[in-house]
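In this note's numbering, the protein residues as written are 168 to 563.
C-beta: ideal position from N, C-alpha, C; glycine also.
For clarity, every value in this text was computed on a predicted model and none was experimentally measured.
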Amino acid sequence: MATYETIKQTLLTYQQEHLLHFYDQLTETEQQSLLTQIDQIDFENLKETSQQQEERATISALPSHSAEMFTTTELVNMHEHGLSLLADGKVAVVLLAGGQGTRLGHNGPKGTVNMDGTAATSLFALQAKRIQALQQEVKTTISWYIMTSPINDEETTTFFKENGYFGLKPEQITFFLQDVSPALTPEGKVMLEDKGTVFQAPNGNGGVFASMQKAGILAELKNNHVKWVFFNNIDNALVQVADPYFLGYADQQGAAISSKSVKKADPNEKVGVLGQRDGKPSVIEYSELTEEQRHQPELQDANIGIHLFDVEFLEQTADQVLPYHLAHKKISTIKEDGTTVQPLEPNGYKLEKFYFDVFPYASNMSIFQVERANEFLPVKNKTGKDSLEEAQKRFN
Ligand code: UTP
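Laid out in structure tokens, this is it:
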């Protein structure tokens, strides 16, 4: 545990000494708590974040396939191969469920919203049912790792418990916590929420790899001879968890990462596409593409957050420090005079890591394009596009 003196020195080095502004007004326990919070901040990474600069990169495509490009026999083989990987215990599932779901504005973890008023059609239950159906088909148990964050961990685990783990065995499900990260003022200063608390929020879904490593999950996967980790978001109501076709495809392609995509609805749909930035696999943001690139036929694979990662690749990259991305938000904070500010306009930057920042570390990546109508129905908002309302209509 770092002492007051060493913390103070670090803060001086990074010009963040304002964090101790109220230190003398705190109780001993509060002082200790504040020092612990500060000690956990990666100031070097924060410094780099504040200095990030946009550079134009060279954009190119990745190999992309869809079912129509294969013969019926090839597809049957792909499916069989995927099922055998599942039957042999070579596949585990990781669910990213640590987000705040601010756009949806639901009171509780996003996975608890449902399609018909019952927990049996909640987003968590829909994924659990897919896993259960697969288990029955291949007669084996599939390990399910669910990432939560301090804001929703308790409610998530309680929801599973109260609903009998949706028919799965409690011991096949592992909940693990992601980390939090601080927020910065426009001047790059770490923000205090109150006198003794650093403002902290979930550090983005890119925290998943380090958190898996910290929780001993990567070591467990290796010990259990798992080859593929199926990753997906909580909010896709149509996700085909551990889809055997996709597994067969990924294993046959042999790339470190395979990703599912859907074709962009139109060239100007504002989504990230799967491609290469300076020759490395990446998710390329809409804003990074020129008008011509947005129309390019090979750059139409929208990222839908469904991926298969080779376990060895995850092991090799878990130590990489992923960069923070800045999100301009309203952050309640304390001023130097001790008064609290509840801003009406964004006043600071939350820091988030994105899981796809590991993509460039992969020497290769392949894409399996699927039908949007069958496999992608994200619940991001309450109403309108990508909404709960839209999903409920589909299910009822
Ligand atoms: P989104 O980027 O859509 O974020 O997450 P969100 O929290 O669900 O919703 P908004 O943006 O606040 O409205 C995509 C996936 O990444 C997970 C989410 O739970 C979702 O499955 N996620 C996001 C995390 O696991 N941790 C995070 O810190 C952020």
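**Prompt:** Across which residues does DSSP place I340 in a beta bridge pair?
**Reply:** W311
**Message:** With a threshold of 7 Å (Cβ to nearest heavy atom), would A292 be considered close to the ligand UTP?
**Reply:** no
**Asked** What do you get for N563, buried or exposed, if any count of 16 or more other CB atoms within 10 angstroms of its CB means buried?
**Response** exposed
**Request:** Would you check if there are 3 or more beta carbon pairs closer than 8 Å linking the segment 420–430 to the segment 257–266?
**Result:** no
**Message:** For a test of the three-state rule: what should DSSP assign to A494, helix, strand or coil?
**Reply:** strand
**Asked** Alpha carbon to alpha carbon, how far is T240 from Y416?
**Response** 13 Å
**Asked** Taking C-alpha atoms, which residue in Y528, Q380, Q420, A529 lies nearest to V261?
**Response** For V261, the nearest C-alpha among the options comes from Q380.
**Message:** Any contact between the segment 523–541 and the segment 402–419? By contact I mean 3 or more CB pairs, one from each, below 8 Å.
**Reply:** The segment 523–541 is in contact with the segment 402–419.
**Asked** Quick one: is N400 buried, meaning 16 or more other Cβ sit within 10 Å of its Cβ, or exposed?
**Response** buried
**Message:** Check whether the segment 286–298 and the segment 344–352 touch, using three or more Cβ-Cβ pairs below 8 Å as the test.
**Reply:** Fewer than three Cβ pairs drawn from the segment 286–298 and the segment 344–352 lie within less than 8 Å of each other, which leaves the two stretches out of contact.
**Request:** Would you list, in sequence order, the uninterrupted beta strand (DSSP E) runs of no fewer than 3 residues that lie entirely inside the segment 469–493?
**Result:** Here no run is fully enclosed.
**Validate contact between the segment 221–238 and the segment 387–394 using beta carbons, cut 8 Å, 3 pairs** = no
**Request:** Return the first residue and the last residue of the alpha helix (DSSP H) that S251 is part of.
**Result:** 239–254
**Request:** Spell out a yes or no on whether the segment 311–330 and the segment 472–492 are touching, meaning 3 or more CB-CB pairs, one atom from each, closer than 8 Å.
**Result:** no
**Asked** the ligand UTP heavy atoms versus the CB of G439: any closer than 7 Å?
**Response** no
**Prompt:** By DSSP, does H392 sit in helix, in strand, or in coil?
**Reply:** coil
**Message:** Please tell me whether T308 and A264 are closer than 8 Å, where the distance is taken between their beta carbons.
**Reply:** Not closer than 8 Å, so no.
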